[in-house]
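*Asks:* Heads up, the sequence shown is in the UniProt record's numbering, so the first residue is 1 and it goes up one at a time.
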Amino acid sequence: MDTDAGSELFSNYEAELKLVQADLNQKLDQLAELSGEQRKAAISRANHTLDEATELLDSMRLEKENLPSNQKAKTNQRFRNYATDIDMAKTKLKGLSSDKSALFNRRYTDNPTGDDQLEQRQQLLSGTDRLDRSSGRLRESQRIALETEDIGRNTLADLARQRDVIDHTRTTLLEGEGYTDRSNKTLKQMARR
């Protein structure tokens, strides 16, 4: 892979991640002021933005492996900083999401009513949907890894075949060189006689 293209792709992901992080931080700051349905909707939007940031971070993780070794140290440090920022945002969002009195507009109890049960069920379904999407992304990543492994295996097999051809060619050339040497000796002996 062209290292300049890898570096450019990593930079593009990095620029996009910075925009997504700014959007996420703004959403997290606004969450503290909201309650009830507005807060739930804002948490959902923040979760979606956090998923987007995580996907970009995963893409950056894959792309940084294609960078030349002289760029990796600096890039790894920047990557770790982004990963730390995303982890902190996850923790903050989790804390804001678990504030049940603000989330349910002071209606949360340990004995939920029918409406509360419906809301909780919708939240569970939403969480299940997110898990399904994440599982799909994992399956796709696994598929890509298996394809890459197959390509590597095929490349190694091609290289082994090419090595065999080169070895055979070398042996043939050495035999030919031996025949040529013998022919030269024979011709010299004939010329002397």
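C-beta atoms are modelled at their ideal positions from N, C-alpha and C, and glycine is treated no differently.
#1: Pick from Asp-87, Leu-146, Glu-177, Arg-80: whose alpha carbon is nearest that of Met-60?
#2: Buried or exposed, going by whether 16 or more other CB atoms sit within 10 Å of the CB of Thr-151?
#3: Shortest alpha-carbon distance to Ala-15 belongs to which of Arg-78, Leu-174, Ser-135, Arg-121?
#4: For Leu-62 versus Ile-86, is the C-beta distance shorter than 8 Å?
#5: Beta-carbon within less than 7 Å of Leu-31's beta-carbon, same chain only, minus the 5 sequence neighbours each way: which residues are those?
#6: What is the DSSP secondary structure of Ser-98, reduced to helix, strand or coil?
#7: Along the chain, which unbroken stretches of the alpha helix (DSSP H) at least 4 residues long are found entirely within the stretch 63-91?
#8: Roughly how many angstroms separate the alpha carbons of Ala-89 and Thr-148, rounded to a whole number?
#9: Inspect the beta-carbon positions of Leu-124 and Leu-93 and report whether they are closer than 8 Å.
#10: In the structure shown, what three-state DSSP assignment does Leu-17 receive?
#11: Taking the beta carbon of Lys-74 as the centre, do at least 16 other beta carbons fall within 10 Å, making it buried, or is it exposed?
#12: I want to see whether chain B comes within less than 8 Å of Leu-28, judged by CB atoms only; does it?
#13: Write down the C-beta distance between Ser-7 and Gln-71 rounded to the nearest angstrom, noting that I regard them as a contact closer than 8 Å.
#14: What did DSSP end up calling Ser-135 once you bin it into helix, strand or coil?
#15: Using three-state DSSP, classify Ser-11 as helix, strand or coil.
*Replies:* Looking at the atomic coordinates:
#1: Walking along the sequence shown from the start, residue 60 turns up at place 60. Residue Arg-80 is the option with its Cα nearest to Met-60.
#2: Within the sequence shown, numbered from 1, the residue matching residue 151 stands at position 151. First, the amino acid is wrong: residue 151 is Ile here, not Thr. Burial call: exposed.
#3: The residue you call residue 15 lines up with position 15 of the sequence shown. Cα-wise, what sits closest to Ala-15 is Arg-78.
#4: As a first step, residue 62 is located in the sequence shown; it is residue number 62 there, counting from the start. As a first step, residue 86 is located in the sequence shown; it is residue number 86 there, counting from the start. The answer is no: Cβ separation not under 8 Å.
#5: Stepping through the sequence shown from its first residue, residue 31 is reached at position 31. Closer than 7 Å at the Cβ level, and outside the excluded window around Leu-31, lie Arg-39, Ala-42, Ile-43, Ala-46, Leu-96.
#6: Working through the sequence shown from its first residue, we reach residue 98 at position 98. It is coil, neither helix nor strand.
#7: none
#8: For the purposes of this step, residue 89 is taken as the residue at position 89 of the sequence shown. For the purposes of this step, residue 148 is taken as the residue at position 148 of the sequence shown. Cα to Cα, the separation comes out at about 33 Å.
#9: Taking the sequence shown and counting its residues from 1, the one referred to as residue 124 is at position 124. Taking the sequence shown and counting its residues from 1, the one referred to as residue 93 is at position 93. Their beta carbons are not under 8 Å apart, which means Leu-124 does not touch Leu-93 by this criterion.
#10: Here residue 17 refers to the residue found at position 17 of the sequence shown. Residue state, collapsed to three classes: helix.
#11: As a position in the sequence shown, residue 74 is number 74, starting the count at 1. With fewer than 16 Cβ atoms within 10 Å of its Cβ, Lys-74 is classed as exposed.
#12: Of the protein chains in the structure, only one exists, and it is not chain B.
#13: Counted from its first residue, the sequence shown places residue 7 at position 7. Counted from its first residue, the sequence shown places residue 71 at position 71. Going by Cβ atoms, the distance from Ser-7 to Gln-71 rounds to 6 Å, so yes, they are a contact pair.
#14: Within the sequence shown, residue 135 is the residue found at index 135, counting from 1. Helix at Ser-135.
#15: Walking along the sequence shown from the start, residue 11 turns up at place 11. Helix at Ser-11.
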